[in-house]
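Read through the structure below, which is laid out as C-alpha cells, and then see the notes.
2 protein chains.
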Amino acid sequence: MNLIAKPDSDPANPGVKPPAHEQVYRKLREQILFGEMAPGQAVTIQGLTQALNAGMTPVREAIRRLTSDGALVFQGNRRVSVPQLTTSDVEQLVYLRKTMESELTLRAAKRMGKTEITHLDQLDHRLDRAISAGDVVGYLTNNYLFHAYLYEQAQAPVLADLVNRVWLRFGPSLRVVCGRFGTQNLADHHKEVLEALQSGNPDAAALAIVRDVEQGMQQVKTVLTAD
Amino acid sequence: MNLIAKPDSDPANPGVKPPAHEQVYRKLREQILFGEMAPGQAVTIQGLTQALNAGMTPVREAIRRLTSDGALVFQGNRRVSVPQLTTSDVEQLVYLRKTMESELTLRAAKRMGKTEITHLDQLDHRLDRAISAGDVVGYLTNNYLFHAYLYEQAQAPVLADLVNRVWLRFGPSLRVVCGRFGTQNLADHHKEVLEALQSGNPDAAALAIVRDVEQGMQQVKTVLTAD
DNA sequence: ATGCCCAGAATATGATCAAATTATACCAAG
DNA sequence: CTTGGTATAATTTGATCATATTCTGGGCAT
Numbered sequence: 001m002n003l004i005a006k007p008d009s010d011p012a013n014p015g016v017k018p019p020a021h022e023q024v025y026r027k028l029r030e031q032i033l034f035g036e037m038a039p040g041q042a043v044t045i046q047g048l049t050q051a052l053n054a055g056m057t058p059v060r061e062a063i064r065r066l067t068s069d070g071a072l073v074f075q076g077n078r079r080v081s082v083p084q085l086t087t088s089d090v091e092q093l094v095y096l097r098k099t100m101e102s103e104l105t106l107r108a109a110k111r112m113g114k115t116e117i118t119h120l121d122q123l124d125h126r127l128d129r130a131i132s133a134g135d136v137v138g139y140l141t142n143n144y145l146f147h148a149y150l151y152e153q154a155q156a157p158v159l160a161d162l163v164n165r166v167w168l169r170f171g172p173s174l175r176v177v178c179g180r181f182g183t184q185n186l187a188d189h190h191k192e193v194l195e196a197l198q199s200g201n202p203d204a205a206a207l208a209i210v211r212d213v214e215q216g217m218q219q220v221k222t223v224l225t226a227d
Numbered sequence: 228m229n230l231i232a233k234p235d236s237d238p239a240n241p242g243v244k245p246p247a248h249e250q251v252y253r254k255l256r257e258q259i260l261f262g263e264m265a266p267g268q269a270v271t272i273q274g275l276t277q278a279l280n281a282g283m284t285p286v287r288e289a290i291r292r293l294t295s296d297g298a299l300v301f302q303g304n305r306r307v308s309v310p311q312l313t314t315s316d317v318e319q320l321v322y323l324r325k326t327m328e329s330e331l332t333l334r335a336a337k338r339m340g341k342t343e344i345t346h347l348d349q350l351d352h353r354l355d356r357a358i359s360a361g362d363v364v365g366y367l368t369n370n371y372l373f374h375a376y377l378y379e380q381a382q383a384p385v386l387a388d389l390v391n392r393v394w395l396r397f398g399p400s401l402r403v404v405c406g407r408f409g410t411q412n413l414a415d416h417h418k419e420v421l422e423a424l425q426s427g428n429p430d431a432a433a434l435a436i437v438r439d440v441e442q443g444m445q446q447v448k449t450v451l452t453a454d
C-alpha cells in the first residue's frame, strides 16, 4: 500500500500531469477569466479541438463543467456561448460577491500571519505595475490572483469554490470594462485591505473588500447600460 | 427563415426531448437530492451506464457537471464519490444558505400574488402528508420543491442557480438525517413563511426561512458529529 | 514486506449519425 | 425584370458510440 502522500493531488507537482480534460478546463477557464473571450461570443466544440490541439471528449467535458459554472451558457438549441450579463444579473452578482467575499476576508484576516500578508502585498505590487504599464491581461490576472490568494487563506473551500464560480460569470465583462476605461482609471481598494490586515483589523479588511467589489461592479454596470 | 419562436427553448415542451447527457444529469441530480445516494458512496462510470441504460459519453459529461456542482468529488486518483461533509463544510453551507435564501425569499415575497401563495401552500400540504406517512423520499422531494418554487418566484436566476448548487452538496446528508430522526421529528418553519407571505410581510418571510435553514442544518450537523 | 504482473476501470480518439445553420434556387408578386 | 420570400440542398457542428490506450489497485511470488 502506498503510505506516502499522493503527488497527484498536488497541483504544483511537475512530475505528474493532470488528465487532458482537466488541462482543457483550466485553459478555457483562464481564457474566460482573463478576458480572452468576449461576452456573446459563440463557442464551438470543433473549433476548440483544433485551437487547443485536443481531442473531442476532453473538450466536451470541459465545456460541461464550464456551463455548470455559469461561465458558458446553453443557447437553447445545442450551441454554447459566453453569456451576456443583464443589469439584473450584475445586481445579483454584487449581492453574492459582497456577502461571500466579506465573509471570506473576515476569516482570512483572522488567520493570516506576517508571511501571508507580505505575499499578498507583493501580488498587489505586480498589479500596480500592470496598471501603469497598461497591461490589460496582467491587470486581470493579478487582480484575480490577489482576491484568490486572500480567499485561499480563509480555509473555507466551500465558500472559496462558490466565489470562483461567481467570478467566472463576470470575467468576460471585466475585459470590456478595461477596454472602455483603460487600466489607468481602474482604482481599487487593495491598499486599504492590506493596511487593515497589517494593523490586525479583520472587520476593516472585510469592509474594504466590500468597497472594492462595489466599485468594480459599478464599472461593469456602467459599461452594460452604456451599451 | 423561421420567425416563429423556437419550441426547443421551452423546457416544458413535451414534443422535444433534451439530449441524453442532459437527461442523465437530471436523473443523477434527483438521485443525489432526494437521498438515493449515501455520503461516501463510490460512483463508477460503467456502473451508471448500465444502471441508467445510457452510453458512456453522456454519463461522463453528467459526472463532470456534478463534480463542478460539488455534488460529486474527484477522489485524487480517478475515482469519483459522493462527498462526506465536515463540520466546517456545514458551517459554510449554513452561512451561504442563510444569506442567499433570505435574499431570495425577500425578493419572492415582494412579487408573489394570491395564486402563487396558494400554490406554495399546496406544496406544503403535500409535504405534511409525506411526513405523516413516513415517506422519506416524498419528504425530501416536497421539501425541495417548496424552497425551489419560492426561489423561482424571486426572478433572480443567478441567485437561484447558486442556491441549487448548494443544495446538491448537502442533499445526501439529509437522507441520513431522516434515517436518524425519522420524518415525524422533522419540524419546519414553512407555516411561518406562508403566514408572512399572506400578510404581506417580506421581512418576516425571510426571517422564517432563515430559521428553517438553521433548524434543518442543525440536524445535519448533529448527525455528523454523532457519527 | 517489497516488487512485479494482471485484471478492470477510466481516459481519450475517431467514426458515424443526427440536427441545425447557411447557401442556393425557385416561385410569386409588384 | 426585379425583389422578397419560401422551400430545399449542402455544409457545418453537435451527440453518441465502439474501440484502443493508459492508469490504478490488488494479488501473487519472491
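Chains as they are written, first to last, in our numbering: chain H, 1 to 227; chain C, 228 to 454. For each residue, glycine too, the CB sits at the ideal point set by N, CA and C. The structure displayed is predicted, hence computed values, not measured ones.
Asked	Found
Determine, for Tyr322/C, whether the minimum Cβ-Cβ distance to residues of chain H falls below 9 Å.	yes
For Leu104/H, which residues of its own chain have a beta-carbon under 6 Å away from its beta-carbon, when the five flanking residues on both sides are left out?	Tyr151, Ala154, Leu159
Within 9 Å of any Cβ in chain C, is that where the Cβ of Gly64/H sits?	Going by the sequence as given, residue 64/H is Arg instead of Gly. Closer than 9 Å: yes.
Could you run through the segment 299–333 of chain C and flag, in chain order, every residue whose CB is less than 8 Å away from some CB of chain H?	Gly303, Asn304, Arg305, Ser315, Asp316, Gln319, Leu320, Tyr322, Leu323, Thr326, Met327, Glu330
Give me, in chain order, the residues of the same chain whose beta-carbon lies closer than 7 Å to that of Gln41/H; leave out the 5 immediate sequence neighbours on both sides.	Ser81, Val82
Report yes if the CB atom of Thr410/C is closer than 9 Å to the CB atom of Val363/C, and no otherwise.	yes
Just curious, the alpha helix (DSSP H) that His21/H is in, first and last residue?	20–33
Got a sec: which bits of the segment 190–213 of chain H sit with their beta carbon under 8 Å from any beta carbon on chain C, in order along the chain?	none
Measure how close the beta-carbons of Tyr376/C and Leu347/C come, nearest whole angstrom, since I'm counting them as under 8 Å.	6 Å
What are the boundary residues of the alpha helix (DSSP H) that includes Ala433/C?	429–452
Taking the beta carbon of Ala196/H as the centre, do at least 16 other beta carbons fall within 10 Å, making it buried, or is it exposed?	buried
Hey, quick one: how far does the alpha helix (DSSP H) through Gln198/H stretch, first residue to last?	190–198
Do we get a CB-CB distance below 9 Å when we pair Gln46/H with the residues of chain C?	no
Is there a Cβ from chain H that is less than 9 Å from the Cβ of Gln382/C?	yes
Output needed for Arg211/H: all residues of its chain with C-beta closer than 8 Å, excluding positions within five of it in sequence on either side, in chain order.	His189, Glu192
Going straight from the alpha carbon of Gly216/H to that of Gln46/H, what length do you get?	35 Å
Take every Cβ of the segment 287–302 of chain C, pair it with every Cβ of the segment 253–270 of chain C, and state whether three or more of those distances are shorter than 8 Å.	yes
Can you tell me which of the three DSSP states Ala269/C falls into?	strand
If we call anything under 9 Å between Cβ atoms a contact, is Tyr252/C one with Arg292/C?	yes
Using the Cβ count rule (16 or more neighbours within 10 Å means buried), how would you classify Ala205/H?	buried
Can at least three beta-carbon pairs, one atom from the segment 387–398 of chain C and one from the segment 323–339 of chain C, be found at a separation below 8 Å?	yes
Within 9 Å of any Cβ in chain C, is that where the Cβ of Arg129/H sits?	no
Measure the beta-carbon distance from Asp128/H to Phe146/H and round it to whole angstroms, keeping in mind my assumption that it falls under 8 Å.	With a Cβ gap of about 11 Å, Asp128/H and Phe146/H do not count as contacting.
Spatial neighbours of Gly138/H within its chain, please: C-beta separation below 7 Å, excluding the five flanking residues on both sides.	Ala130
Where does the unbroken alpha helix (DSSP H) through Gly398/C begin, and where does it stop?	384–408
Start and end of the alpha helix (DSSP H) containing Thr105/H?	87–111
Rounding to the nearest angstrom, what Cα-Cα distance links Val43/H and Gly171/H in this structure?	16 Å
Excluding the five sequence neighbours on either side, which residues of its own chain have a C-beta within less than 7 Å of the C-beta of Lys27/H, listed in chain order?	Leu52
What is the rounded straight-line gap between the Cα of Lys341/C and the Cα of Arg334/C?	16 Å
Any idea what DSSP makes of Val82/H, helix, strand or coil?	coil
Determine the burial state of Met230/H: buried for a count of at least 16 other Cβ atoms within 10 Å of its Cβ, exposed for fewer.	Residue numbering for chain H in the displayed model covers 1 to 227; residue 230/H lies beyond these limits and cannot be assessed.
Would you report the Cα separation of Val94/H and Leu224/H, rounded to the nearest angstrom?	14 Å
With respect to the alpha helix (DSSP H) encompassing Arg349/C, which residues constitute its N-terminal and C-terminal limits?	Reading the sequence as shown, one finds Gln at residue 349/C and not Arg. Per DSSP, Gln349/C belongs to the alpha helix (DSSP H) from 341–360.
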